[in-house]
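Asks:
Protein chains: 2
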Amino acid sequence: MSNKVQPRILPGFMELLPEDQIAFNRMYDTIRRVYERYGFLPLDTATIELSEVLLAKAGGETEKQIYRFQKGDNDLSLRFDLTVPLARYVAQHAGELTFPFKRYQMSKVFRGERPQKGRFREFYQCDIDVIGVDSLDIVYDAEMPAVIYQVFKELNFGAFTIRMNNRKVLNGYFESLGYADRIGDILRTIDKLEKIGREAVEEELERFGVASADVSKILEFLAIGGGNDDVIAALRAQSTENELYREGVEELAKVIGYLRGFGVEESAFKIDLTIARGLDYYTGTVFETMLNDYPSMGSICSGGRYDNLAGYYTDQKLPGIGISIGLTRLFYQLKENGLITAGSSCLARCLVIPMDETLFGAALMAATAIRGAGIPADVYYQNKGMKQKMKYAAKIGVPYAAIIGGDEAASGTVMLKNMENGEQRAVAVADLADAVR
Amino acid sequence: MSNKVQPRILPGFMELLPEDQIAFNRMYDTIRRVYERYGFLPLDTATIELSEVLLAKAGGETEKQIYRFQKGDNDLSLRFDLTVPLARYVAQHAGELTFPFKRYQMSKVFRGERPQKGRFREFYQCDIDVIGVDSLDIVYDAEMPAVIYQVFKELNFGAFTIRMNNRKVLNGYFESLGYADRIGDILRTIDKLEKIGREAVEEELERFGVASADVSKILEFLAIGGGNDDVIAALRAQSTENELYREGVEELAKVIGYLRGFGVEESAFKIDLTIARGLDYYTGTVFETMLNDYPSMGSICSGGRYDNLAGYYTDQKLPGIGISIGLTRLFYQLKENGLITAGSSCLARCLVIPMDETLFGAALMAATAIRGAGIPADVYYQNKGMKQKMKYAAKIGVPYAAIIGGDEAASGTVMLKNMENGEQRAVAVADLADAVR
């Protein structure tokens, strides 16, 4: 082997064996189907962008992670998310698009992170965004969680909760207490509440110059809980007159109302005032999604409302709202938690097995009959003993094997074996598709 | 605009507007569905590979086109096809795969070519391959064109011909004439027959030291035509005793026989002795596919049999056969030739239009009823006049608009308008899904 190159890939890249790839694709297809059902249009932007364009906004951590390179005279970069390419695309094609523009994109993005467990350098993001010109109705803030609700219902990995908040509520409230200049610091601290605990948060807030009495107020405010209507009532009952705050509360109330209109179960969404997300980016409604029984997974789908998508590229004001599912990471976590059970390593419903080479013609006819009904089927052609052929069928996990010997070929039948319970019976080729469906 | 970055991408990258993306995805989905129906398993390899591994075999032109870059300590490259990653993957996971291993991969590949009309630097390849260990039955040489036949039948872009040959026939024939040492030169010359014409080919062959009498023989041989059985008969009737030649002819005969077993129409496949393809790579059956009415497109799907997939990575002998559709280029060519007709720029079957904001609830219920039946639907929420709302519906090309005013909301109906013929009628929300299906 000394003259061979060792076949391998870099850490941080997910490559799956067929049975896992089938499970992965099933998730991908489910998400895509729901996105399309809600009227989102497909988009597939270039993987390689001009660095000058892609990195117009980036800086700091993001920039360090970019796969960036020179080719000829061009300074190029691989996309690191799907939002910047969307901004560029919408600015570039604004005259050709119909607004509100609802698009989905489910593609790989690339980040040269230090590899660690559960972190990927190349991973799928499954994004939807709605972009308006100048304005975008608040009802879209409810459509996003309604889509997510449908996605996770159909993915069927157990109970989940979409946690929602509105940045105007937080920003307005902190403004009303006189901390308009420290909102970023306060939000970053609050965001750590679950991780570092109440006492550490109190200390940190005081370090930022928040008065001790206000610290208590803030923590009491963030702890407002109960049913969604209770939270709305409690928020409305606050004494602050801050306009931004009032606007945020009424937006939350509207979103809650519309969500019910979308048929989303009450147990699946919950106002949580501690949710802040993407500090520089989001300006209104924000979401996170948690699997109830697997809180350690963290948020499996997040997003929110932003005021202006493409300010770096155009003077047109393009408000929008978007959410993203990090599918590669989600798949990895589901598998780690035993929620992806080893499936079959084939898509075929039936493997046709001719006893020998002289029966290939009959086998082809049987396979063609199944495929003609749109059902995946395969034929085993290799010249092996019958025992090995059946072993192959068992190994790939195909539900049915259709065995064809001379008698079957002569009578236009197959011996159809149910691979799960071992039962077998003669079936006419004409009835084969129905029998394996 | 002076402080804005101009939103743009590099030439040679295909980005589509929604209506074209929908048409593109329809082709992508059709190809994938057929591949799966024939039992091919999905694979999705890493986009970024280690250069040492990816370029184990490459050289010359290929190497110049690679997007190659350093990140940290790693010398990395973007894949330039899907065959080398397949070889690496199969060598890496041989112990975990079941052979024959049938896989499809439909992903983007990257080549830093000089941009020119119809050439892309980032494009989709849609590949299927079957890999055996030590041996692989000849019937797979017929399954490949059978799959391609089904793909292009379902894509429905008119009559097409799969042109087939066998490299053993060519190599054996040239060996028998005493040119074993010049087969590459001869093949390269023959390959230009359609482009440069008979006389130029004669001259070039003589320049390679082919005797004048043999030049005539060769050109006569290559001109053997007629029905597939006629060609086989003519090939069998040749006086040469060369073993490789005889093997190749019998392989061709078998493939023709199996193709009929697969139910492929006789008019769709044709032996063409001038087809050579990928000189260093293919060792048996080779294919090309042409749209009969658009010969200038060239081959839209090509492939063939190879003796050993992964010799650079493993001592295991892995013979296989594969074909590839260059989907990005094909889509471009079909559009250039007017075969992709401008479709609708929406996936939704129905746009629900509430007259005003108070009717959002009723609109949501109507949309949910349609989506519940698995049918894409959308709602128009923006606060605009009725005329503008209808204009939006016409612009996106949605087949139906469901208008909801106060009367409709009160009676649980919508006013359903057929956007094509303008007819409208009241439809109960419960019947809406059926009405727009």
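Going down the list, the protein sequences come from chains A and B. All letters in the first sequence, in the order written, are residues 1 to 437 by the working numbering. All letters in the second sequence, in the order written, are residues 1001 to 1437 by the working numbering. For every residue, glycine included, the Cβ atom is placed at its ideal position computed from N, Cα and C.
Give me the chain B residues within the contact set of valine 438 of chain A, using Cβ-Cβ distance strictly less than 8 Å, ordered along the chain.
Replies: Absent from the model: residue 438 of chain A. The displayed extent of chain A is 1 to 437, so no value can be given.
Asks: Does chain B have any CB closer than 8 Å to the CB of asparagine 25 of chain A?
Replies: Here residue 25 of chain A refers to the residue found at position 25 of the first sequence. Yes, its Cβ sits closer than 8 Å to a Cβ of chain B.
Asks: Just to confirm before moving on: does the CB-CB distance between threonine 1368 of chain B and phenylalanine 262 of chain A stay below 8 Å?
Replies: Here residue 1368 of chain B refers to the residue found at position 368 when the second sequence is read from its first residue. Here residue 262 of chain A refers to the residue found at position 262 when the first sequence is read from its first residue. Cβ distance < 8 Å, so threonine 1368 of chain B and phenylalanine 262 of chain A count as in contact.
Asks: Any idea if asparagine 421 of chain A is buried or exposed, counting beta-carbon neighbours within 10 angstroms, 16 or more meaning buried?
Replies: Looking up residue 421 of chain A in the first sequence gives position 421. Classification of asparagine 421 of chain A: exposed, given that the 10 Å Cβ count is below 16.
Asks: Show which residues of chain A have a CB atom less than 8 Å away from the CB atom of tyrosine 1313 of chain B.
Replies: Numbered from 1 along the second sequence, position 313 holds the residue referred to as residue 1313 of chain B. The contacting residues are Lys4, Val5, Gln6 and Pro7.
Asks: Do glycine 1012 of chain B and proline 1100 of chain B have their C-beta atoms within less than 8 Å of each other?
Replies: Counting from one through the second sequence, the residue named residue 1012 of chain B turns up at place 12. Counting from one through the second sequence, the residue named residue 1100 of chain B turns up at place 100. Cβ distance not < 8 Å, so glycine 1012 of chain B and proline 1100 of chain B don't count as in contact.
Asks: Taking Cβ positions only, does valine 1429 of chain B come closer than 8 Å to chain A?
Replies: Here the question's residue 1429 of chain B lines up with position 429 in the second sequence. Taking Cβ atoms only, chain A never reaches closer than 8 Å to valine 1429 of chain B, which makes this a no.
Asks: Check for me: the beta strand (DSSP E) holding aspartate 1075 of chain B runs from which residue to which?
Replies: In the second sequence, residue 1075 of chain B corresponds to position 75, counting from 1. Segment 1074-1078, the beta strand (DSSP E) holding aspartate 1075 of chain B.
Asks: To which residues of the same chain is aspartate 1075 of chain B closer than 6 Å at the C-beta, ignoring the five residues directly before and after it?
Replies: Residue mapping note: residue 1075 of chain B aligns to position 75 of the second sequence, counting from 1. Hits under 6 Å: Ser1051.
Asks: Can you tell me which of the three DSSP states tyrosine 1038 of chain B falls into?
Replies: As a working note, residue 1038 of chain B is residue 38 in the second sequence. Note: tyrosine 1038 of chain B maps to coil in three-state DSSP.
Asks: Could you tell me if glutamate 1266 of chain B is buried or exposed, where buried requires 16 or more neighbouring beta carbons within 10 angstroms of its beta carbon?
Replies: Within the second sequence, numbered from 1, the residue matching residue 1266 of chain B stands at position 266. With fewer than 16 Cβ atoms within 10 Å of its Cβ, glutamate 1266 of chain B is classed as exposed.
Asks: Using 8 Å as the cut-off, can you tell me whether the stretch 292-309 of chain A makes contact with the stretch 177-184 of chain A, which would need three or more C-beta pairs spanning the two stretches below that distance?
Replies: No: fewer than three Cβ pairs fall under 8 Å.
Asks: Quick check: is the beta carbon of asparagine 383 of chain A nearer than 8 Å to any beta carbon in chain B?
Replies: What you label residue 383 of chain A is simply residue 383 of the first sequence in a count that begins at 1. With 8 Å as the cut-off, asparagine 383 of chain A counts as an interface residue toward chain B.
Asks: Give, in chain order, every residue of the stretch 1310-1334 of chain B whose Cβ lies closer than 9 Å to some Cβ of chain A.
Replies: Within the stretch 1310-1334 of chain B, the residues whose Cβ lies closer than 9 Å to some Cβ of chain A are Ala1310, Gly1311, Tyr1312, Tyr1313, Thr1314 and Asp1315, listed in chain order.
Asks: Less than 8 Å between CB atoms is the rule here; does methionine 1 of chain A satisfy it with respect to chain B?
Replies: Counted from its first residue, the first sequence places residue 1 of chain A at position 1. Its pLDDT being 46, under 50, methionine 1 of chain A is placed unreliably in this model, and the coordinates cannot settle the point.
Asks: Does the separation of the CB atoms of serine 1077 of chain B and arginine 1068 of chain B fall below 8 Å?
Replies: Taking the second sequence and counting its residues from 1, the one referred to as residue 1077 of chain B is at position 77. Taking the second sequence and counting its residues from 1, the one referred to as residue 1068 of chain B is at position 68. Against a cut-off of 8 Å, the Cβ pair of arginine 1068 of chain B and serine 1077 of chain B comes out as a contact.
Asks: What residues of chain A sit near serine 1267 of chain B, judged by a beta carbon separation below 7 Å?
Replies: Residue 1267 of chain B sits at position 267 when you count from the first residue of the second sequence. Near serine 1267 of chain B there are no residues of chain A at all, since even the closest Cβ is about 18 Å away, more than 7 Å.
Asks: Which whole-angstrom value is the C-beta distance of isoleucine 275 of chain A and valine 286 of chain A, which I expect to be below 8 Å?
Replies: Working through the first sequence from its first residue, we reach residue 275 of chain A at position 275. Working through the first sequence from its first residue, we reach residue 286 of chain A at position 286. Yes, isoleucine 275 of chain A and valine 286 of chain A are in contact; Cβ-Cβ is about 6 Å, under 8 Å.
Asks: So which residues on chain B does glycine 263 of chain A lean against when the C-beta distance must stay under 9 Å?
Replies: Translated into positions along the first sequence, residue 263 of chain A becomes position 263. Those within 9 Å of glycine 263 of chain A in chain B are Leu1364, Met1365, Thr1368 and Gly1372.
Asks: Specify the secondary structure class of glutamine 424 of chain A as computed by DSSP and reduced to three states.
Replies: Against the first sequence, residue 424 of chain A aligns to sequence position 424. In the structure shown, glutamine 424 of chain A sits in a strand (DSSP, three-state: E or B).
Asks: Mind checking who lysine 1391 of chain B pairs with in its DSSP beta bridge?
Replies: For the purposes of this step, residue 1391 of chain B is taken as the residue at position 391 of the second sequence. DSSP, once it has assigned bridges, lists no residue as partnering lysine 1391 of chain B.
Asks: Please specify which runs of the alpha helix (DSSP H), each continuous and at least 4 residues long, are wholly inside the stretch 236-280 of chain A, giving them in chain order.
Replies: With a minimum length of 4 residues, the continuous alpha helix (DSSP H) runs that stay inside the stretch 236-280 of chain A are 243-261.
Asks: Give a yes or no on whether 8 Å exceeds the smallest Cβ distance from serine 1345 of chain B to chain A.
Replies: Within the second sequence, numbered from 1, the residue matching residue 1345 of chain B stands at position 345. Cβ-Cβ to chain A under 8 Å: yes for serine 1345 of chain B.
Asks: Looking only at its chain, what residues have a beta carbon closer than 7 Å to the beta carbon of leucine 1347 of chain B, apart from the 5 residues adjacent to it on each side?
Replies: Here residue 1347 of chain B refers to the residue found at position 347 of the second sequence. Within the same chain, leucine 1347 of chain B has close Cβ partners Ile1022 and Pro1376.
Asks: Mind pulling the alpha helix (DSSP H) runs of 4 or more residues that sit fully within the stretch 1285-1372 of chain B?
Replies: Here the runs fully enclosed are 1327-1336 and 1360-1372.
Asks: Rounded to a whole number of angstroms, what is the C-alpha to C-alpha distance between alanine 1213 of chain B and leucine 1170 of chain B?
Replies: Reading the second sequence from its first residue, position 213 is the one you call residue 1213 of chain B. Reading the second sequence from its first residue, position 170 is the one you call residue 1170 of chain B. When rounded, the distance between both Cα atoms is 18 Å.
Asks: Taking a cut of 9 Å between CB atoms, which residues from the stretch 1026-1053 of chain B lie near chain A?
Replies: Those residues of the stretch 1026-1053 of chain B that come within reach of chain A (Cβ to Cβ, closer than 9 Å) are Arg1033, Val1034, Glu1036, Arg1037, Tyr1038, Gly1039, Phe1040, Leu1041, Pro1042, Leu1043, Asp1044, Thr1045, Ala1046, Thr1047, Ile1048, Glu1049, Leu1050, Glu1052 and Val1053.
Asks: Which residues, taken in chain order from the stretch 1140-1154 of chain B, show a beta carbon closer than 7 Å to some beta carbon of chain A?
Replies: Within the stretch 1140-1154 of chain B, the residues whose Cβ lies closer than 7 Å to some Cβ of chain A are Tyr1140, listed in chain order.
Asks: Give the straight-line distance between the Cα atoms of leucine 1177 of chain B and leucine 1222 of chain B, rounded to the nearest whole angstrom.
Replies: Start at 1 with the first residue of the second sequence, and residue 1177 of chain B comes out as number 177. Start at 1 with the first residue of the second sequence, and residue 1222 of chain B comes out as number 222. Computed Cα separation, rounded: 14 Å.
Asks: How would you label threonine 289 of chain A, buried or exposed, when you count the other beta carbons within 10 angstroms and need 16 or more for buried?
Replies: The residue labelled residue 289 of chain A in the question sits at position 289 within the first sequence. Threonine 289 of chain A comes out buried.
Asks: Within 10 Å of its beta-carbon, does threonine 1047 of chain B have 16 or more other beta-carbons around it, so buried, or fewer, so exposed?
Replies: Within the second sequence, numbered from 1, the residue matching residue 1047 of chain B stands at position 47. Threonine 1047 of chain B comes out buried.
Asks: Could you tell me which residues DSSP pairs with tyrosine 104 of chain A in its beta bridges?
Replies: If you number the first sequence from 1, residue 104 of chain A lands on position 104. In the DSSP output, where bridge partners are listed per residue, tyrosine 104 of chain A has A:Pro42 and A:Ile128.
Asks: When you compare the CB positions of leucine 155 of chain A and threonine 30 of chain A, do they come within less than 8 Å of one another, or not?
Replies: Residue numbering aside, residue 155 of chain A sits at position 155 when the first sequence is read from its first letter. Residue numbering aside, residue 30 of chain A sits at position 30 when the first sequence is read from its first letter. Yes; because the gap between Cβ atoms is below 8 Å, this pair is in contact.
Asks: Roughly how many angstroms separate the alpha carbons of lysine 384 of chain A and arginine 163 of chain A, rounded to a whole number?
Replies: Counting from 1 along the first sequence, the entry for residue 384 of chain A is found at position 384. Counting from 1 along the first sequence, the entry for residue 163 of chain A is found at position 163. Looking at the two C-alpha atoms, the distance is approximately 57 Å.
Asks: Let me see if you follow: with CB-CB separation under 8 Å, is arginine 437 of chain A close to chain B or not?
Replies: Counted from its first residue, the first sequence places residue 437 of chain A at position 437. No - not a single Cβ of chain B is within 8 Å of the one on arginine 437 of chain A.
Asks: Starting from the C-beta of methionine 1 of chain A, find all residues in its chain whose C-beta is less than 7 Å away, skip the five residues before and the five after it, and write them out in chain order.
Replies: The count along the first sequence starts at 1 and reaches residue 1 of chain A at position 1. In this predicted model, methionine 1 of chain A has a pLDDT of only 46, less than 50, meaning its place in the structure is not dependable enough to derive any value.
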